[in-house]
DNA sequence: GTCTATATCTAGATAGAC
DNA sequence: GTCTATCTAGATATAGAC
């Protein structure tokens, strides 16, 4: 049982963990190309030797950071989509959950990074996350259709893609404007369309403690 | 009247123009941070002296390239939105027009580049483009509402943001999957929702020569 | 107007001391 | 395990010849 870092017995964050977290932050802020090992080390407060001891190099560290971010994002999204209420409520909870719009999506951002998109290994966690996300949203929608809440003839997979795309595109529009308003508008527009598919009004069900603001 | 490049009288593209076009391509492929002056010069086939003669530096050249790309994108989008048919037809024409999905949007991509987003000057053309685009889509939708084609109560600005976001987000999902399918699914899902807002079926009007495949 | 040579700084990684 | 030196290459810009 080797010591996995000097911090474990001091109550501080182990070196390896600090490297991963620093890299998560920097990838989110600057992307892969814009993030240098030097910047990671400075933020983590460790020397170069530590980084190359724990990881093979920049790509390996980035992979660990991306996988971690994807896990965290999935946990957050799934919590919304597994919440109380109708299918509409669950989708609305996911759409209205988003935070820090101007920072963008830590995972979606990576798709614009050439070195990431061109690397099968680095792209895999992105693909896996969005695949799971769309599948989960589609599942929620399909349940709504089966329950008679949403219009029959609704294509769950297509609508799930629209939901995920609206969020990702909302980030893009908001960053272009340096203002979260376009993101909010896109979500509002989608929820308005979605509510038109609801045969039983979403508020006809008890929505439970979540109490998300309804759009229409 | 100074000579604005040695190519004008030889039928070849002037140096300055070659620099702008090369930069457009590289910004699209690699983003701002990932594009070096050296790469631009190599693609344009000119020496460094030419670049620093025509432009102050990388940022100035990038600004010219981004403005050019925005103009081209606007022309293309506006053509779709000014086409024949109903409001649904026009929006569908815009949504279905998209090409080279895996390359992403040359303008939307820039929003993920820190140096661009943090520069008021470089961000301005992105903001202007998406602002015009949303305004134009909203105009089409508002006309549809006034004409009684689309449901009264529709919020043109919000729906326009949803349309633009679906496209931008579709690119993100497609690049994550390395497959255009999620883009197509997102568009299909949105058109299905939109068609539910159509009080008069879109095919009830003569759609003219455009003849876009209808989704539902 | 265009070129090559040069300068400075940083990226990314290795070597080896402690 | 962690540190500081050191290395090679490339980014970005300037200088000055042609």
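Protein chains in written order, with UniProt numbering: chain A, 1 to 216; chain B, 1 to 216.
Where is the CB? At the ideal position from N, CA and C, for every residue including glycine.
Just so we're clear, the structure is a prediction, and the values are computed from it rather than from any experiment.
{"Asked": "Backbone CA spacing between residue 113(A) and residue 106(A) [nearest angstrom]", "Found": "12 Å"}
{"Asked": "Buried or exposed (CB count within 10 angstroms, at least 16 for buried), residue 56(A)", "Found": "exposed"}
{"Asked": "Closest Cα partner of residue 131(A) within the set 19(B), 73(B) and 183(B)", "Found": "183(B)"}
{"Asked": "Residue interval of the alpha helix (DSSP H) (run including residue 172(A))", "Found": "156–177"}
{"Asked": "CA nearest to the CA of residue 165(B), picked from 186(B), 153(B) and 152(B)", "Found": "186(B)"}
{"Asked": "The alpha helix (DSSP H) enclosing residue 103(B), as first and last residue numbers", "Found": "Per DSSP, residue 103(B) belongs to no alpha helix (DSSP H) and is neither H nor E."}
{"Asked": "Distance between beta carbons of residue 153(B) and residue 200(B), contact taken as under 8 Å", "Found": "With 8 Å as the limit, residue 200(B) and residue 153(B) do not qualify as a contact, their Cβ atoms being about 16 Å apart."}
{"Asked": "Close beta carbons around residue 198(A), own chain, < 7 Å, minus the five adjacent residues each side", "Found": "88, 149 and 150"}
{"Asked": "Sub-8 Å separation of residue 141(A) and residue 129(A) beta-carbons", "Found": "no"}
{"Asked": "Contacts that residue 180(B) makes with chain A (C-beta to C-beta distance below 7 Å)", "Found": "Going along chain A, no residue has its Cβ under 7 Å from residue 180(B), so there is no contact; the nearest lies around 12 Å."}
{"Asked": "CB of residue 61(A) within 8 Å of CB of residue 19(A), strictly", "Found": "yes"}
{"Asked": "8 Å CB neighbourhood of residue 223(A) in its chain, flanking five on each side removed", "Found": "Outside the displayed range of chain A (1 to 216) lies residue 223(A), so it cannot be described from this structure."}
{"Asked": "Within-8 Å CB hit, residue 232(A) to chain B", "Found": "Chain A is shown from 1 up to 216; residue 232(A) falls before or after that span and cannot be answered."}
{"Asked": "For residue 90(B) and residue 43(A), the rounded distance between their alpha carbons", "Found": "49 Å"}
{"Asked": "Under 8 Å from the C-beta of residue 158(A): neighbouring residues of chain B", "Found": "185, 186, 188, 189 and 192"}
{"Asked": "C-alpha distance - residue 202(A) paired with residue 96(A), whole-angstrom precision", "Found": "With a pLDDT of only 48 at residue 202(A), under the threshold of 50, the placement of this residue in the model should not be trusted; the figure read from the coordinates follows. The alpha-carbon atoms of residue 202(A) and residue 96(A) are separated by roughly 16 Å."}
{"Asked": "Distance, residue 172(B) Cα to residue 103(B) Cα", "Found": "10 Å"}
{"Asked": "C-beta contact flag for residue 65(B) and residue 127(A) at 8 Å", "Found": "no"}
{"Asked": "Three-state secondary structure (DSSP) of residue 217(B)", "Found": "Examination of residue 217(B) is not possible in this model, given that chain B is present from 1 through 216 alone."}
{"Asked": "Exposure of residue 94(B), with buried meaning 16 or more beta-carbon neighbours within 10 Å", "Found": "buried"}
{"Asked": "Extent of the continuous alpha helix (DSSP H) to which residue 189(A) belongs", "Found": "181–195"}
{"Asked": "Simplified DSSP state of residue 198(B), which is helix, strand or coil", "Found": "strand"}
{"Asked": "Residue 151(A), enclosing alpha helix (DSSP H) - first and last residue", "Found": "Careful: residue 151(A) lies outside any alpha helix (DSSP H) and carries neither H nor E."}
{"Asked": "Supposed close pair residue 23(A), residue 40(A) - CB separation, criterion 8 Å", "Found": "5 Å"}
{"Asked": "Under 7 Å by beta carbon: chain B residues contacting residue 126(A)", "Found": "176"}
{"Asked": "Buried or exposed (CB count within 10 angstroms, at least 16 for buried), residue 49(A)", "Found": "exposed"}
{"Asked": "Cβ neighbour criterion (16 or more within 10 Å) applied to residue 98(B)", "Found": "buried"}
{"Asked": "Listed by chain order, chain B residues near residue 111(A) by CB distance under 7 Å", "Found": "172, 175 and 176"}
{"Asked": "Of the residues 17(B), 194(B) and 69(B), the one placed nearest residue 28(B), counting alpha carbons only", "Found": "69(B)"}
{"Asked": "CA nearest to the CA of residue 162(B), picked from 133(A), 194(A) and 156(A)", "Found": "194(A)"}
{"Asked": "Near the ligand MG: residue 116(B) beta-carbon under 7 Å from a heavy atom", "Found": "Absent from the structure shown: the ligand MG. Ligands present: none."}
{"Asked": "Simplified DSSP state of residue 113(B), which is helix, strand or coil", "Found": "coil"}
{"Asked": "Within chain A, partners of residue 155(B) - CB distance below 8 Å", "Found": "188, 189 and 192"}
{"Asked": "Candidates 35(A), 73(A) and 78(A): closest to residue 58(A) by CA position", "Found": "35(A)"}
{"Asked": "Positions along the region 7–39 of chain B whose CB lies within less than 8 Å of some CB in chain A", "Found": "29, 30, 31, 33 and 34"}
{"Asked": "Among 77(B), 120(B) and 83(B), the one whose alpha carbon lies nearest that of residue 134(B)", "Found": "77(B)"}
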